[in-house]
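Visitor: Before we start, here is the structure in question, set down as C-alpha cells.
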C-alpha cells in the first residue's frame, strides 16, 4: 500500500500539483522494529512504531494483533493500558557432566544449534563462537563436575547461559596468577590475552565474545562483570537476572545476548582488534576500561596503581585507554603511564578516550615531560 500527500502550488494563472508518494513499510520491517523495541517500550510500542514509520496506530495495532496471534507476543492489560511482552519461542535447559571427554562442538550441534537453524548466518556464527568458547572454558578451567546450559529465544533476543559448579573464574585467575584480590583478576580479564593455561588457550575467547554479542556478562560469587554493545566493562554486585541456576552461584555463569537481527559479523569483530603480524594475523589492539583499575571510590594517583593498569600492555601494539567514569588521575599515575611506560615500550602505542578536562590535563603534562626529557 502507498500513502500520498498532494500539495497545490499556484504560479500566476496556473496551478502545479505535486504528489509525494511514500511507500508504506513492509510487514517484515515493522515486525523487526517491534521486536527490537518492544521490551523497552512495552506500554507504548504502538505509538513508537507509528511515529518511526509515519503510519497510523491502527495499522501498527494490526501488526501487533498478528504477532500475538502467531504466539510471538503476549498482550497484557486493557486496551488503554495494554502492554506487549515477547513470548519465549525457545526455553530449553539441560545439564551435562563436566569431563575432558565432553566436546563443546558436539553439544552445540546436537543440543543448541537445532533451536537456531532459521536465524541469519552471521548471528548463528556469533552464537556458535561464544557458546563453544565459553563451554570449552568450563571444561578446561572450571574444575567443576557439572555444567548447566539454558537457551532462550524470542522475537527480541537470543540468550545463552552457561553455568558451572566449579571454583569460579575470578577466584581461579586470582589464585593461579597470584593476585591478591579477585578484582585484580577481573581487571586483567577485561584486557584480553589472559589465560591460566597458555599451552591450550590464547586467552582471547572472552574478549572477542564479549564484543560480538549485544550484551555479555560473567558472574562468580558476589561479583559480576558485564558489558553492552558500544560500552566499556562494568563491575557490579551480582544481579538476580544472572542466576538462572541458583545452584551454581559459586561457580561461573556466563550470559550472552544478541538480537536475531544483529548485523555484525564475527569477522568484523576479529578484524577491529587485529592486523597482519609477520606471516600471521595477530590480536594486537585492546580497549581497556581504566575505571576497573579503581577499587571502590579510590582515585588513581600512585605509580603502583599505574603499574597495575599497565600489566601485560607490552603484549599489544595498540592500547586504547577508556577513562569513562574516572574523574581525575594523579601526576605520578599519569607520568608512569604516559612517560615511563611509553619510553620503555615504544612498540606499544597508547591512546585515550572519554577523559575529563582534569584527566586530559595530567596526560598532556606527562606527554610534555616525556618530550622535554627525550634526547635531541
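Numbering (this note's numbering), first residue to last: 1 to 376.
Ideal Cβ positions, reconstructed from N, Cα and C, are used throughout, including at glycine.
Going by alpha carbons, who is nearest to residue 93 out of 154, 111 and 99?
Guide: Ranked by Cα distance from residue 93, the options 154, 111 and 99 are led by 111.
Visitor: Please report the residue range of the alpha helix (DSSP H) in which residue 80 lies.
Guide: That residue, residue 80, is in no alpha helix (DSSP H); it is neither H nor E in DSSP.
Visitor: Please look up how many angstroms separate the CB atoms of residue 83 and residue 27, rounded, as I've assumed it's under 8 Å.
Guide: Rounded, the Cβ-Cβ distance is 22 Å, inconsistent with contact.
Visitor: Quick check on the DSSP output: the alpha helix (DSSP H) that includes residue 298 runs from which residue to which?
Guide: Segment: none, residue 298 is in no alpha helix (DSSP H) and carries neither H nor E.
Visitor: Whole alpha helix (DSSP H) runs in the region 147-213 with 4 or more residues, listed along the chain?
Guide: If we require 4 residues or more, the alpha helix (DSSP H) runs fully inside the region 147-213 come out as 169-176, 182-191 and 205-212.
Visitor: If you count every other CB in all the chains shown that lies within 10 Å of the CB of residue 98, and 16 or more means buried, which is it?
Guide: Label assigned to residue 98: buried.
Visitor: Grab me the residues of residue 74's own chain with a C-beta within less than 6 Å of its C-beta, minus the 5 sequence neighbours each way, in chain order.
Guide: 85 and 87
Visitor: How many angstroms separate the CA atom of residue 215 from the CA atom of residue 311?
Guide: Going from the Cα of residue 215 to the Cα of residue 311 covers about 26 Å.
Visitor: Is DSSP giving residue 224 helix, strand or coil here?
Guide: strand
Visitor: Taking the beta strand (DSSP E) that residue 96 falls in, what are its first and last residues?
Guide: Unbroken beta strand (DSSP E) run through residue 96: 90-97.
Visitor: Is the number of C-beta pairs between the region 287-296 and the region 315-325 that are closer than 8 Å three or more?
Guide: By the C-beta criterion, the region 287-296 is judged to be in contact with the region 315-325, since at least 3 inter-stretch pairs fall below 8 Å.
Visitor: Who are the near neighbours of residue 32 in its chain, counting only those whose CB is closer than 8 Å to its CB and skipping five residues on each side?
Guide: Only 261 meet the Cβ criterion.
Visitor: Whether or not the region 292-300 and the region 252-268 are in contact is what I'm after, with contact meaning three or more pairs of Cβ atoms, one per stretch, closer than 8 Å; do they touch?
Guide: no
Visitor: Which residues does DSSP pair with residue 75 in a beta bridge?
Guide: 84
Visitor: Identify whether residue 258 lies in helix, strand or coil by the three-state DSSP scheme.
Guide: If DSSP states are grouped into helix, strand and coil, residue 258 belongs with the strands.
Visitor: If we ignore side chains and look at the alpha-carbon of each, how far apart do residue 76 and residue 230 end up?
Guide: Each residue's Cα considered, the two are about 33 Å apart.
Visitor: Does DSSP put residue 115 in a helix, in a strand, or in coil?
Guide: helix
Visitor: Among 315, 251, 250 and 257, whose alpha-carbon lies nearest the alpha-carbon of residue 282?
Guide: Of 315, 251, 250 and 257, the residue nearest in Cα terms is 315.
Visitor: Would you grab the beta carbon distance between residue 29 and residue 95 for me? Rounded to a whole angstrom, and I think it's under 8 Å.
Guide: The pair is not a contact, with the Cβ atoms about 40 Å apart (cut-off 8 Å).
Visitor: Could you say which of 345, 34, 357 and 221 lies nearest to residue 164 if we only look at CA atoms?
Guide: The candidate whose alpha carbon is nearest that of residue 164 is 221.
Visitor: Can you tell me where the alpha helix (DSSP H) holding residue 271 begins and where it ends?
Guide: 266-272
Visitor: For residue 49, which three-state DSSP category applies?
Guide: helix
Visitor: Under a three-way DSSP split, which group does residue 353 fall into?
Guide: strand
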